[in-house]
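Reading through the structure tokens given below for one structure.
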Amino acid sequence: MQLRFDENIHICEEQKKILRKILGIPLFLPPLLSTKKLKTLISDFSPPKIITIGDIVTSNLLKNSIYPDIAIVDLKSKRKNIQFFPSIYRKIYKDIFYIDNPA
Numbered sequence: 052m053q054l055r056f057d058e059n060i061h062i063c064e065e066q067k068k069i070l071r072k073i074l075g076i077p078l079f080l081p082p083l084l085s086t087k088k089l090k091t092l093i094s095d096f097s098p099p100k101i102i103t104i105g106d107i108v109t110s111n112l113l114k115n116s117i118y119p120d121i122a123i124v125d126l127k128s129k130r131k132n133i134q135f136f137p138s139i140y141r142k143i144y145k146d147i148f149y150i151d152n153p154a
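Just so you know, we're using the numbering used here here: the sequence shown kicks off at 52 and counts up by one.
Shown next, in the form of structure tokens:
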């Protein structure tokens, strides 16, 4: 199911502070080491959800057969458009939300 919102949603500064908090275990490693470490963590801890933020992170996991429960992507990397086909998301995810990020 693809959803589009007709109205803008604004996040106030207080909410932004909450959303910036790191939850879970962030992995700041090169892609190959990150996916290897993540597979170990998944095996050891069976996390209830895997959430990725960013196109490159999400792409690296998908390439290694790790499918996040939630993937937040905007088809950009470092604010530049990237060549990654969103059709793969349609194959993997039932619900896709389109949200504009004016930043």
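Idealized CB from N, CA, C, for every residue including glycine.
In this text the structure is predicted, and so the values were computed from the model without any measurement.
- In this structure, I102 places its C-beta atom within 8 Å of the C-beta atom of P119.
- Minimum Cα-Cα distance from K87 among the listed residues P99, L112, I73 and I76 corresponds to L112.
- Cα atoms of L84 and K114: separation of roughly 14 Å, rounded to the nearest angstrom.
- Where I139 is concerned, the enclosing alpha helix (DSSP H) starts and stops at S138 to I143.
- Distance check between S110 and each of D95, E64 and S128 places S128 closest, using alpha-carbon atoms only.
- Under a 10 Å Cβ-count criterion, L74 is classified as exposed, with fewer than 16 other Cβ atoms of the shown protein chains found around its own Cβ.
- Nearest C-alpha to D106 among R71, E64, I121 and I62: I121.
- In the displayed model, I93 falls within a helix according to three-state DSSP.
- The three-state reading of DSSP puts S116 in coil, since its state is none of H, G, I, E or B.
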